[in-house]
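> Per the working numbering, residue 58 is the first one in the sequence shown, and the count goes up by one each step.
For every residue, glycine included, the Cβ atom is placed at its ideal position computed from N, Cα and C.
Supplied in structure tokens, the structure appears directly below.
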Amino acid sequence: QVQLVESGGGLVQPGGSLRLSCAASGSIFSFNTMDWYRQAPGKQRELVAIITSDGSTYCADSVKGRFTGSRDNAKNTVYLQMNSLKPEDTAVYYCYAVERGTGREYWGQGTQVTVSS
58 QVQLVESGGG LVQPGGSLRL SCAASGSIFS FNTMDWYRQA PGKQRELVAI
108 ITSDGSTYCA DSVKGRFTGS RDNAKNTVYL QMNSLKPEDT AVYYCYAVER
158 GTGREYWGQG TQVTVSS
């Protein structure tokens, strides 16, 4: 059973930056992609970024140009670098992955990001 553990959230002022981490308890090569989602209060969970096995990142239009994904295979960790943060980026951010072969889905516990002055 793989576990995904997010970290790096917190309170930041508008225009600031944060880097989220998602550490897997097993090899991240077990997954085709590792994705970041977020859920704001009263809203549906939405896809923020997809990080492929070769490190390519595809971001939602709402964060494109401000957020960047990356991965460290040796640490079994993916990252979400968030720059130029806006109050509307406030949400709980979740790491998500689907295991190759089994199709089993994994979610992290989430990390809170609050953008406020």
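(1) Quick check: the Cα distance between Pro144 and Tyr150, rounded to an integer number of angstroms?
(2) I need the boundaries of the beta strand (DSSP E) containing Gly149, first residue and last residue.
(3) What's the gap between the Cα of Cys79 and the Cα of Gln169?
(4) Would you mind giving the Cβ-Cβ distance between Gly175 and Val135, rounded to the nearest angstrom? I have them listed as a contact below 8 Å.
(5) Buried or exposed for Trp164, going by 16 or more other Cβ atoms inside 10 Å?
On the basis of the coordinates in this document:
(1) In a straight line, the C-alpha of Pro144 is about 14 Å away from that of Tyr150.
(2) Before going on, a small fix: residue 149 reads as Val here, not Gly. Segment Ala148 to Glu156, the beta strand (DSSP E) holding Val149.
(3) Near 13 Å, if we compare the C-alpha coordinates of Gln169 and Cys79.
(4) As shown, the chain starts at 58 and ends at 174. That puts residue 175 outside it, with no answer to give.
(5) Label assigned to Trp164: exposed.
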